[in-house]
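As structure tokens, the structure follows; a few thoughts come after it.
Protein chains: 2
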Amino acid sequence: MRYELYYWPSIQGRGEFVRLALEDAGAPYVDVARRPPGMKAMLRFLEGDALKTPPFAPPFLRAGGLLIAQTANILLYLGPRLRLAPKSEAGRLWVHQLQLTIADWLVEVHDVHHPIGSGLYYEDQKPESRRRAADFRKNRLPKFLGYFEEALKRKASGKITYAHLSLFQVVEGLRYAFPGTMRKLERRYPRVIELHERVASRPRLAAYLASKRRIPFNRQGIFRHYPELDAGNGP
Amino acid sequence: MRYELYYWPSIQGRGEFVRLALEDAGAPYVDVARRPPGMKAMLRFLEGDALKTPPFAPPFLRAGGLLIAQTANILLYLGPRLRLAPKSEAGRLWVHQLQLTIADWLVEVHDVHHPIGSGLYYEDQKPESRRRAADFRKNRLPKFLGYFEEALKRKASGKITYAHLSLFQVVEGLRYAFPGTMRKLERRYPRVIELHERVASRPRLAAYLASKRRIPFNRQGIFRHYPELDAGNGP
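Top line first, the protein sequences correspond to chains A and B.
The first sequence begins at 340 in the working numbering and counts up by one.
The second sequence begins at 340 in the working numbering and counts up by one.
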């Protein structure tokens, strides 16, 4: 099966969580919108009326006759097929639960720089972003990191799942967006950091991260580095 | 199987999406935290260290030996068991995709009154809330309503799923929180409104909605009515 991934071509964004799973598994896929007529194909799915099951937004995945949207839903589908999810129903529900918690976390990361409206520029919501960033750094970031530290402690297992790959990506993104904050916080979450290193050193993933297929972080994605929103610069 | 639902006892919140599915199916369940020692039991799961698979937050469901968190994940599990999800994998992925889009929508509804921090009072973020509410009413609310209108148009089917029950609940909540806005908008989304009525008239659900088990909307939940955030009062 050759998968087709549809996502905005210039950012990692939510599409990256799907890319990491496909790349780690060595699964054949096309990153459709990153090739010349691909954007048009993606917009046709988004704006046309041919699909019985339209996506609300990218990413979405074409897998044979299926068109699946919502990042966590795509990973729910891919997990067992890419051997990145447990076999048991209990195990799959647990991994999906972690993925949905990561999805919640991502919304909060995004809203640090877009607390008023996703359609407005950051520059049009800077004072609000500073306030939200202070709350995020002080309360929400430690809460999420602490939760995953505890989850890794309770259920130590050598087997990597798609949720572990996603947690790796969140740490990568946080280090890019909030380097000062992460320098101060990381030592409190040794299991999260160890997991990040373990994922980064997986051969296929390491090759992907060093390749041109990996889009660099930038100021259009979910994780954005604005010095004024990082530690020591907020209110 | 007698299910145990754990959720904050004084609000509808996210727990309500699970309650609606259980009630509509006539499934036996205990709303644990609404009975005397129940809050203690819920907090023991949240704060203790006995669970291998800890929840990040309520709601969570105990089903035999499983403890499942994240609203959409609980419904993914319950759907087929309560006959509120299609049998095919494609059908289940589609219903879950809709549920995850509703989950995204709910975050935005909540953040209208909490754009800066979920741990702060509304009163401490009123100017920001007004700005966010204006964007929500003008851009986000029509986008979500339009999406579900279109989804109902494309895949007309008599069979009610848990995602339909959830969409009913969102309409209920929006009418409570934004009565002025909804009065103006509703006529544009006839299929959403028809679905809302169809769900409300299901016998078991109608009985539940008229019972004391249904907690009234209030200003502690996700949907809150603040006149200054409704249509005609924003900036």
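Ideal placement from N, C-alpha and C gives every residue a C-beta, glycine not left out.
Is the Cβ-Cβ distance between residue i and residue j less than 9 Å?
{"i": "Arg383 of chain B", "j": "Gly456 of chain A", "result": "no"}
{"i": "Tyr547 of chain B", "j": "Leu421 of chain B", "result": "no"}
{"i": "Asp450 of chain B", "j": "Pro542 of chain A", "result": "no"}
{"i": "Gly512 of chain A", "j": "Val448 of chain A", "result": "yes"}
{"i": "Phe481 of chain B", "j": "Leu524 of chain B", "result": "Inspection of the sequence shows that residue 481 of chain B is occupied by Pro rather than by Phe. Going by C-beta atoms, Pro481 of chain B is nearer than 9 Å to Leu524 of chain B."}
{"i": "Asp443 of chain B", "j": "Phe399 of chain A", "result": "no"}
{"i": "Leu405 of chain B", "j": "Ala429 of chain A", "result": "yes"}
{"i": "Leu491 of chain A", "j": "Val538 of chain A", "result": "no"}
{"i": "Arg527 of chain A", "j": "Glu488 of chain A", "result": "yes"}
{"i": "Arg563 of chain A", "j": "Tyr416 of chain A", "result": "no"}
{"i": "Ala408 of chain B", "j": "Pro397 of chain B", "result": "yes"}
{"i": "His535 of chain B", "j": "Phe517 of chain B", "result": "no"}
{"i": "Val446 of chain A", "j": "Val446 of chain B", "result": "yes"}
{"i": "Ile554 of chain A", "j": "Ile350 of chain A", "result": "yes"}
Quick one: is residue i buried, meaning 16 or more other Cβ sit within 10 Å of its Cβ, or exposed?
{"i": "Phe556 of chain B", "result": "buried"}
{"i": "Asp388 of chain B", "result": "exposed"}
{"i": "Glu467 of chain A", "result": "buried"}
{"i": "Pro574 of chain A", "result": "Unreliable placement is indicated for Pro574 of chain A, whose pLDDT of 43 sits below 50; the coordinate value is still reported in the next sentence. Counting Cβ neighbours within 10 Å, Pro574 of chain A comes out exposed, since fewer than 16 surround it."}
{"i": "Gln464 of chain B", "result": "buried"}
{"i": "Ala570 of chain A", "result": "buried"}
{"i": "Arg558 of chain B", "result": "exposed"}
{"i": "Pro375 of chain A", "result": "exposed"}
{"i": "Arg479 of chain A", "result": "buried"}
{"i": "Gly354 of chain A", "result": "buried"}
{"i": "Pro393 of chain A", "result": "buried"}
{"i": "Gly458 of chain B", "result": "exposed"}
Going by C-alpha to C-alpha distance, which of the options sits closest to residue i?
{"i": "Ala372 of chain A", "options": "A:Pro394, A:Pro542 and A:Pro348", "result": "A:Pro348"}
{"i": "Lys391 of chain A", "options": "B:Leu432, B:Gly519 and B:Gly560", "result": "B:Leu432"}
{"i": "Leu568 of chain A", "options": "A:Val357, A:Gln436 and A:Ala473", "result": "A:Ala473"}
{"i": "Gly497 of chain B", "options": "B:Trp444, B:Gly403 and B:Glu533", "result": "B:Glu533"}
{"i": "Met340 of chain A", "options": "A:Leu361, A:His535 and A:Ser550", "result": "A:Leu361"}
{"i": "Leu504 of chain A", "options": "A:Lys465, A:Asp363, A:Lys551 and A:Pro397", "result": "A:Asp363"}
{"i": "Leu423 of chain A", "options": "A:Asp463, A:Leu359 and A:Leu484", "result": "A:Leu359"}
{"i": "Ala411 of chain B", "options": "B:Arg401, B:Thr440, B:Ser427 and B:Ala402", "result": "B:Thr440"}
{"i": "Met378 of chain A", "options": "A:Ile407, A:Glu343, A:Gly418 and A:Arg476", "result": "A:Glu343"}
{"i": "Phe356 of chain A", "options": "A:Gly560, A:Tyr565 and A:Pro566", "result": "A:Gly560"}
{"i": "Arg522 of chain B", "options": "B:Arg476, B:Lys551, B:Arg553 and B:Tyr486", "result": "B:Arg476"}
{"i": "Ala366 of chain B", "options": "B:Ser550, B:Arg558, B:Leu544 and B:Tyr565", "result": "B:Leu544"}
{"i": "Leu484 of chain B", "options": "B:Pro529, B:Lys551 and B:Pro566", "result": "B:Pro529"}
{"i": "Tyr565 of chain B", "options": "B:Asp370, B:Thr520 and B:Ser550", "result": "B:Thr520"}
{"i": "Tyr486 of chain B", "options": "A:Gly403, A:Glu386, A:Lys551 and A:Pro425", "result": "A:Glu386"}
{"i": "Ala402 of chain B", "options": "B:Ala549, B:Ser550, B:Tyr345 and B:Lys551", "result": "B:Tyr345"}
Ends of the alpha helix (DSSP H) at residue i?
{"i": "Met415 of chain A", "result": "Before going further, note that residue 415 of chain A is Leu rather than Met in the sequence given. Run containing Leu415 of chain A: Thr410 to Arg420, per the alpha helix (DSSP H) assignment."}
{"i": "Asp370 of chain A", "result": "No alpha helix (DSSP H) holds Asp370 of chain A; the beta strand (DSSP E) holding it covers Tyr368 to Asp370."}
{"i": "Pro542 of chain A", "result": "Pro542 to Leu548"}
{"i": "His564 of chain A", "result": "Here His564 of chain A belongs to no alpha helix (DSSP H), and DSSP marks it neither H nor E."}
{"i": "Tyr515 of chain B", "result": "Tyr501 to Ala516"}
{"i": "Ala360 of chain B", "result": "Gly354 to Ala364"}
{"i": "Glu428 of chain A", "result": "Glu428 to His452"}
{"i": "Ala424 of chain A", "result": "Where Ala424 of chain A is concerned, there is no enclosing alpha helix (DSSP H), given that its DSSP letter is neither H nor E."}
{"i": "Lys492 of chain A", "result": "Leu480 to Arg493"}
{"i": "Lys379 of chain B", "result": "Gly377 to Glu386"}
{"i": "Arg530 of chain A", "result": "Pro529 to Ala539"}
Along the chain, where does the beta strand (DSSP E) containing residue i start, and where does it finish?
{"i": "Phe399 of chain B", "result": "Phe399 to Ala402"}
{"i": "Leu459 of chain A", "result": "Run containing Leu459 of chain A: none; DSSP gives neither H nor E here."}
{"i": "Leu344 of chain A", "result": "Tyr342 to Tyr345"}
Can you pull the chain A neighbours of residue i, defined as C-beta to C-beta under 8 Å?
{"i": "His435 of chain B", "result": "Gln409, Asn412 and Leu415"}
{"i": "Leu405 of chain B", "result": "Ala429 and Leu432"}
{"i": "Val446 of chain B", "result": "Asp443 and Val446"}
Mind pulling the chain B residues with CB within less than 9 Å of residue i?
{"i": "Glu489 of chain A", "result": "Asp388 and Pro393"}
{"i": "Glu338 of chain A", "result": "No answer is possible for residue 338 of chain A: the residues shown for chain A start at 340 and end at 574."}
{"i": "Asp474 of chain A", "result": "Ile455, Gly456, Ser457, Gly458 and Leu459"}
In chain B, what lies closer than 8 Å to residue i by C-beta?
{"i": "Asn478 of chain A", "result": "Gly456 and Gly458"}
{"i": "Glu317 of chain A", "result": "The question about residue 317 of chain A has no answer, for chain A in this structure spans 340 to 574."}
{"i": "Glu467 of chain A", "result": "Pro454, Ile455, Glu467 and Arg470"}
List the residues of chain B whose Cβ lies closer than 7 Å to the Cβ of residue i, in chain order.
{"i": "Tyr486 of chain A", "result": "Phe395"}
{"i": "Arg470 of chain A", "result": "Ile455"}
Just the chain A side, please: which residues come within less than 7 Å of residue i by C-beta, in chain order?
{"i": "Leu439 of chain B", "result": "Gln409, Ala411 and Asn412"}
{"i": "Lys494 of chain B", "result": "Lys391 and Thr392"}
Can you pull the chain D neighbours of residue i, defined as C-beta to C-beta under 7 Å?
{"i": "Glu536 of chain A", "result": "The structure shown contains no chain D; its protein chains are A and B."}
Residue i versus chain A: which residues are under 9 Å apart at the beta carbon?
{"i": "Asp450 of chain B", "result": "Val446, Asp450 and Pro454"}
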